[in-house]
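**Q** Supplied in structure tokens, the structure appears directly below.
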Amino acid sequence: MYQSPRGTSDILPEEQPYRLYIEKKAADIARLYGYKRIDTPVFEDTELFLRGVGGATDIVQKEIYTFEDRGGNKLTLRPEGTAPVCRAYLEHGMQNLPQPVKLFYMEANYRYERPQSGRYREFHQFGYEAIGDSDPVLDAEVIDMAWQFYVSLGISQLHLIINSIGCSHCRPQYLEKLKTYYSTDTQNLCKDCKIRLEKNPLRLLDCKNDSCRRLAASAPKSYEELCPECAEHFSKLKTFLTVLNLPYEIDHCLVRGLDYYTRTVFEIQPEIEGAQSTIGGGGRYDGLIEELGGKPTPALGFATGIERIAANLKRQNLSVPTTPGPLIFVAYLGEAAREAAVNLCSQLRKSGFAALQAPGSKSLKAQLRQANSTGVRYTVIIGEEEIKTGTVQLRDMTTSQQENISAEQLKILLGKSNQ
Ligand code: ATP
Ligand code: MG
Numbered sequence: 074m075y076q077s078p079r080g081t082s083d084i085l086p087e088e089q090p091y092r093l094y095i096e097k098k099a100a101d102i103a104r105l106y107g108y109k110r111i112d113t114p115v116f117e118d119t120e121l122f123l124r125g126v127g128g129a130t131d132i133v134q135k136e137i138y139t140f141e142d143r144g145g146n147k148l149t150l151r152p153e154g155t156a157p158v159c160r161a162y163l164e165h166g167m168q169n170l171p172q173p174v175k176l177f178y179m180e181a182n183y184r185y186e187r188p189q190s191g192r193y194r195e196f197h198q199f200g201y202e203a204i205g206d207s208d209p210v211l212d213a214e215v216i217d218m219a220w221q222f223y224v225s226l227g228i229s230q231l232h233l234i235i236n237s238i239g240c241s242h243c244r245p246q247y248l249e250k251l252k253t254y255y256s257t258d259t260q261n262l263c264k265d266c267k268i269r270l271e272k273n274p275l276r277l278l279d280c281k282n283d284s285c286r287r288l289a290a291s292a293p294k295s296y297e298e299l300c301p302e303c304a305e306h307f308s309k310l311k312t313f314l315t316v317l318n319l320p321y322e323i324d325h326c327l328v329r330g331l332d333y334y335t336r337t338v339f340e341i342q343p344e345i346e347g348a349q350s351t352i353g354g355g356g357r358y359d360g361l362i363e364e365l366g367g368k369p370t371p372a373l374g375f376a377t378g379i380e381r382i383a384a385n386l387k388r389q390n391l392s393v394p395t396t397p398g399p400l401i402f403v404a405y406l407g408e409a410a411r412e413a414a415v416n417l418c419s420q421l422r423k424s425g426f427a428a429l430q431a432p433g434s435k436s437l438k439a440q441l442r443q444a445n446s447t448g449v450r451y452t453v454i455i456g457e458e459e460i461k462t463g464t465v466q467l468r469d470m471t472t473s474q475q476e477n478i479s480a481e482q483l484k485i486l487l488g489k490s491n492q
């Protein structure tokens, strides 16, 4: 027996109401904040992610699915949404539109991770990007949109964590301080962090290993080492967050995984312990568009995992709207009536009523049993007598009462049930 590849799963019909609900709320919030949808290809040139996500990141070093196609092109399954959106921004000349350009996506991402609850190799993200403006009011708006999105879903008890990791002017000095701090204590670092100390010292701060965490707790804080411009930006952001009534916490260990972040970084976490608790995060990436060949263009964005949102909805026992099932089952008695049933079923669907019929030549009893199992509200039965008189037998499945009505009356009745 075949199984879906490790870290992937089928999204079965019973799971779909969660997806639909989350996607609908995402589209609603995007409209409220003025974001338009974009879809990018599921694979891109590998180079885009090497540049756009960064060669020193976990994603690029350990997690990307890369392959060569028959034409010898090196391609990578999209591990995240920001680099492709920025590529599209440049490719389609969006720098000539009024700025900021606001785009959102809902897409599958692929990362070769160790599968566990909340962590998969194929997962889905809702994300959005505001490209072309550096005003901290935009940072606050992007954070507010994420927060209001979760509020609209009914998810509560969330924590908003923020930090500022500076820019290309102030970060190098900060990284030097960080290296100096850690280099006196390298024996207490995990294997990965020993490498990070050389390649990506910022990531020392968010290692989950206990002894690394203890060291990180008293490490130099990036928000205390900001240049005046970054300090002003961070201070304004905090003011706007207060205006928006968003209860933030500052955590100097929050640095986020991707190389391209500058200044504001943030995460939203539910109140549960565990490595997979972060439900969404984002930040400013003022250097990315330039890194991809554009002119310097400030930007920021946010992404959240659909599977982790669904898990939170379930954990909080929040119910989601279900799609109504079929309304009516059309049964027949005798072969001649079968054609009339096929016709009626088609007419009903054309009028907008969800209708079912049973394939195969079945006895009326078997058809009624099937009707019952589908959960329809009504069943109509057509026999030779009904064909002659242009009527149907209508059976109310909740009361088991049956009556003879005209096709017109049937539509009026169904019209009322459909509302
Ligand atoms: P984590 O620290 O959990 O690995 P991340 O920093 O790699 O997360 P991002 O790249 O910022 O995550 O992605 C944003 C969101 O996408 C995460 O907050 C999470 O909800 C979701 N996500 C990330 N990786 C996975 C995964 N492998 N499986 C399911 N959801 C994921
Ligand atoms: Mg990750």
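Take 74 as the starting number for the sequence shown in our numbering and just add one per residue. Where is the CB? At the ideal position from N, CA and C, for every residue including glycine.
Below 8 Å CB to CB, which residues in the same chain sit around E88 once its five sequence neighbours on both sides are set aside?
**A** A383
**Q** Does the beta-carbon of E481, which I'm using as the reference point, lie nearer than 7 Å to any heavy atom of the ligand ATP?
**A** no
**Q** Please tell me whether, using a cut-off of 7 Å, the distance from the CB of G127 to the nearest non-hydrogen atom of the ligand GDP is below it.
**A** Although the ligand GDP was asked about, the structure shown includes only the ligand ATP and the ligand MG as ligands.
**Q** Near L483, what residues of its chain come up, given a Cβ to Cβ distance below 7 Å and the 5 sequence neighbours on each side ignored?
**A** V453, V465 and L467
**Q** What's the gap between the Cα of R187 and the Cα of L429?
**A** 43 Å
**Q** Between the C-alpha atoms of S392 and V224, what's the straight-line distance to the nearest angstrom?
**A** 14 Å
**Q** Hey, how far is the Cα of D131 from the Cα of P369?
**A** Between the alpha carbons of D131 and P369 lies a distance of about 26 Å.
**Q** Under 7 Å: does the beta carbon of D549 sit that close to some heavy atom of the ligand MG?
**A** In the structure displayed, the chain extends from 74 to 492; residue 549 sits before or after that span and is not available.
**Q** Should the segment 152-169 be regarded as contacting the segment 109-120, the criterion being three or more beta carbon pairs within less than 8 Å?
**A** yes
**Q** List the whole-angstrom C-beta distance separating E344 from Q230, where the pair is believed to meet the contact cut-off of C-beta under 8 Å.
**A** 4 Å
**Q** With DSSP collapsed to three states, give me the class of T464.
**A** strand
**Q** Helix, strand or coil: how does DSSP classify R192 here?
**A** strand
**Q** Is it true that the segment 363-381 meets the segment 417-425, where meeting means three or more beta-carbon pairs spaced less than 8 Å apart?
**A** With a cut-off of 8 Å, the segment 417-425 and the segment 363-381 do not count as touching, because too few Cβ pairs lie within range.
**Q** Between E380 and C263, what straight-line distance do the alpha-carbon atoms span, to the nearest angstrom?
**A** About 30 Å.
**Q** Which of the three DSSP states, helix, strand or coil, is assigned to P371?
**A** Looking at P371 - three-state DSSP - the assignment turns out to be coil, as it is neither helix nor strand.
**Q** With three or more C-beta pairs closer than 8 Å as the rule, is the segment 331-341 touching the segment 354-363?
**A** yes
**Q** Quick one: what's V316 bridged to in DSSP?
**A** Looking at the DSSP assignment, V316 forms no beta bridge with any residue, so it has no partner.
**Q** Which partner residues of S343 appear in the DSSP bridge assignment?
**A** The amino acid at residue 343 is misidentified as Ser; the sequence shows Pro. Paired residue(s): L231.
**Q** Could you check which residue in S237, D258 and P152 has the C-alpha nearest to that of C300?
**A** S237
**Q** Please go through the same chain and pick out, in chain order, the residues whose beta-carbon is closer than 7 Å to the beta-carbon of R276, but skip the five residues on each side of it.
**A** Annotation for R276: R269 and V328 place their beta carbon closer than 7 Å to its own, counting only its chain and skipping 5 residues before and after.
**Q** Provide the residue(s) that pair with A428 in DSSP beta bridges, ordered along the chain.
**A** I401
**Q** Does the distance between the C-beta of F339 and the nearest non-hydrogen atom of the ligand ATP fall short of 7 Å?
**A** No, the ligand ATP has no heavy atom inside 7 Å of this Cβ.
**Q** Should Y75 be labelled buried (16 or more other beta-carbon atoms within 10 Å of its own) or exposed?
**A** exposed
**Q** Extract the residue ranges of the alpha helix (DSSP H) inside the segment 433-490, only unbroken runs of 4 or more that lie entirely within it.
**A** 437-447 and 457-462
**Q** Straight-line CA distance for G456 to G463?
**A** Each residue's Cα considered, the two are about 10 Å apart.
**Q** If I'm right that L386 touches S490 with Cβ under 8 Å, what's the distance once you round it to whole angstroms?
**A** Not confirmed; about 29 Å, so no contact.
**Q** Per DSSP, D118 forms a beta bridge with which residues?
**A** Per DSSP, L148.
**Q** From this set, T472, Y321, G107 and S446, which residue's C-alpha is nearest E202's C-alpha?
**A** G107
**Q** If I follow the unbroken alpha helix (DSSP H) through I95, where does it start and stop?
**A** Q89 to L105
**Q** Which stretch, first to last residue, makes up the alpha helix (DSSP H) that contains E364?
**A** L361 to E364
**Q** What separation, rounded to the nearest whole angstrom, lies between the Cα atoms of L176 and L421?
**A** 40 Å
**Q** Give the secondary structure of T139 by DSSP, where H, G and I count as helix, E and B as strand, and everything else as coil.
**A** strand
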